[in-house]
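All residue numbers for the sequence shown refer to our numbering, where the first residue is 77 and numbers rise by one.
See structure below.
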Amino acid sequence: MANQSKIKKGKEDLIFTIVNTTILVIIMLIILYPLYFIVIASFSDPLEVLAGNVVLLPKNVNVESYKMVFRDSQILTGYRNTIFYTLLGTAVNIVLTVLAAYPLSRKDFSGRKFFTIMLAITMFFSGGLIPTFLLMSNTLHLLDTIWAMILPSAISVWNVIIVRTYFQTSIPQELSEAAMVDGCSDFKLLVRIILPLSMPVLAVMVLFYGVARWNSFFDALIYLSNKELFPLQLILRSILVQNTMSEDMVAEVDSLANRQVMAETIKYALIVVASAPIIAVYPFLQKYFVKGIMVGAIKG
77 MANQSKIKKG KEDLIFTIVN TTILVIIMLI ILYPLYFIVI ASFSDPLEVL
127 AGNVVLLPKN VNVESYKMVF RDSQILTGYR NTIFYTLLGT AVNIVLTVLA
177 AYPLSRKDFS GRKFFTIMLA ITMFFSGGLI PTFLLMSNTL HLLDTIWAMI
227 LPSAISVWNV IIVRTYFQTS IPQELSEAAM VDGCSDFKLL VRIILPLSMP
277 VLAVMVLFYG VARWNSFFDA LIYLSNKELF PLQLILRSIL VQNTMSEDMV
327 AEVDSLANRQ VMAETIKYAL IVVASAPIIA VYPFLQKYFV KGIMVGAIKG
């Protein structure tokens, strides 16, 4: 019976499956190999990397590059700052996004359409970089403070629309009405009923905001001049793009030529160190990702 219930695939279907699978595998390898190469190059001898001998496996495995990276106090300070900015910033993002999305999802909120339009306008028009900088410096006086990394990107209208749509389509209206009849306030309804049922979309928001916070460097480039407040990505930029390394990192390298050789693998090690935390977090949120993003795909 089981064999009879199966749909037989025709020759065209089989060819399509083979071709489609082959193309997807090739695309996957094209995407994954640069990441894989960065990892194996970071564990290889710098001379082997420069000679082009590192292709599929690391050569003369060592961890000297990682030792040099973690010897640099500036890297450790940047790591600490980035973790702080990511945790605090993501918490602020989630709270503000939920507080904005919840009233917009309520049909009994009389100003819902007006505020939705006002929020949507900000997705297409903004004051620009110079007015924003003047606001941060002259009005809010937030230059060289941690809030310069938190407040400019405190909320995303796009994510508000996704969360609002989830509340509208996935939380039964009858559930909210029943809670209201039982004497539940709006705040208790949000905290005790809506949020526990919204874990998929909240997990997606944590991933979106967390990755954006972790990779953020432009706000720091504009608003921060105190190196003690620099995030890791800004320090990474100075090393990878401007090719400047601190003396702490290369203090034990005796000659300029050797420093230039070590610089190649140090760069790869830095990329691995900067990317590892986000990559490690993703598997724990991946099970919520597809469900949450598909529900938010309908923006009506």
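For glycine and all other residues, C-beta sits at the position ideal for the given N, C-alpha and C.
Can you tell me whether residue i is buried or exposed? The criterion is at least 16 other CB atoms within 10 Å of its CB, across all chains shown.
i, result
"Gln309", "buried"
"Val137", "exposed"
"Val145", "buried"
"Arg289", "buried"
"Asp295", "buried"
"Ser261", "exposed"
"Ser120", "buried"
"Ala356", "exposed"
"Thr97", "exposed"
"Met77", "Below a pLDDT of 50, predicted positions are generally treated as unreliable, and Met77, at 45, falls in that range; the measurement from the model is reported next regardless. Label assigned to Met77: exposed."
"Gly204", "exposed"
"Thr162", "buried"
"Ser186", "exposed"
"Thr245", "exposed"
"Ser202", "exposed"
"Gly259", "exposed"
"Gly86", "exposed"
"Phe360", "exposed"
"Gly128", "exposed"
"Val257", "exposed"
"Val174", "buried"
Measure from the alpha carbon of residue i to the alpha carbon of each residue in the options, then state which is nearest.
i, options, result
"Ser149", "Phe306, Pro359, Pro353 and Val348", "Phe306"
"Phe113", "Ile197, Lys135, Ser181 and Ser314", "Lys135"
"Leu152", "Phe360, Phe191, Tyr358 and Ala350", "Ala350"
"Pro276", "Tyr155, Glu88, Thr341 and Phe243", "Phe243"
"Glu250", "Gly204, Ile270 and Phe209", "Ile270"
"Ala167", "Arg313, Leu312, Gly286 and Tyr344", "Gly286"
"Ala255", "Thr97, Leu266 and Ile170", "Leu266"
"Phe160", "Leu180, Met225 and Thr173", "Met225"
"Val115", "Phe185, Tyr358 and Tyr344", "Tyr344"
"Met212", "Ala117, Ser202, Leu227 and Thr198", "Leu227"
"Glu253", "Pro359, Lys183, Asn96 and Ser141", "Lys183"
"Ile206", "Asn214, Thr158 and Val101", "Asn214"
"Met281", "Phe201, Val236 and Asn291", "Val236"
"Leu312", "Phe284, Leu283 and Ile342", "Ile342"
"Tyr358", "Val101, Phe284, Glu88 and Ala127", "Phe284"
"Gly154", "Val348, Glu304, Ser186 and Arg188", "Glu304"
"Ser229", "Val139, Met199, Met104 and Glu140", "Met199"
"Lys143", "Leu126, Ser118, Ala127 and Leu133", "Ser118"
"Tyr20", "Glu88, Phe263, Pro353 and Ala352", "The structure shown does not extend to residue 20, since the chain is modelled only from 77 to 376, so the question has no answer here."
What is the C-beta distance between residue i and residue j, in whole angstroms, given that I count them as a contact (C-beta under 8 Å)?
i, j, result
"Val171", "Ala196", "The Cβ separation is near 21 Å, so there is no contact."
"Ile231", "Ala176", "7 Å"
"Val131", "Glu124", "Actually they do not touch by this definition, with Cβ atoms about 10 Å apart."
"Arg240", "Ser181", "5 Å"
"Leu278", "Ile315", "The Cβ separation is near 35 Å, so there is no contact."
"Tyr216", "Ile247", "Position check: residue 216 holds Leu in this sequence, whereas Tyr was assumed. Between Ile247 and Leu216 the Cβ distance is about 36 Å, and since that is not below 8 Å, they are no contact."
"Glu340", "Leu126", "6 Å"
Should residue i be counted as a contact of the ligand COA given a C-beta to heavy atom distance under 7 Å?
i, result
"Ile114", "Although the ligand COA was asked about, the structure shown includes no ligands whatsoever."
query = Are the segment 221 to 234 and the segment 291 to 301 touching, with three or more C-beta to C-beta distances below 8 Å?
reply = yes
ask   = Does the segment 107 to 125 touch the segment 87 to 98, meaning 3 or more C-beta pairs lie closer than 8 Å?
value = no
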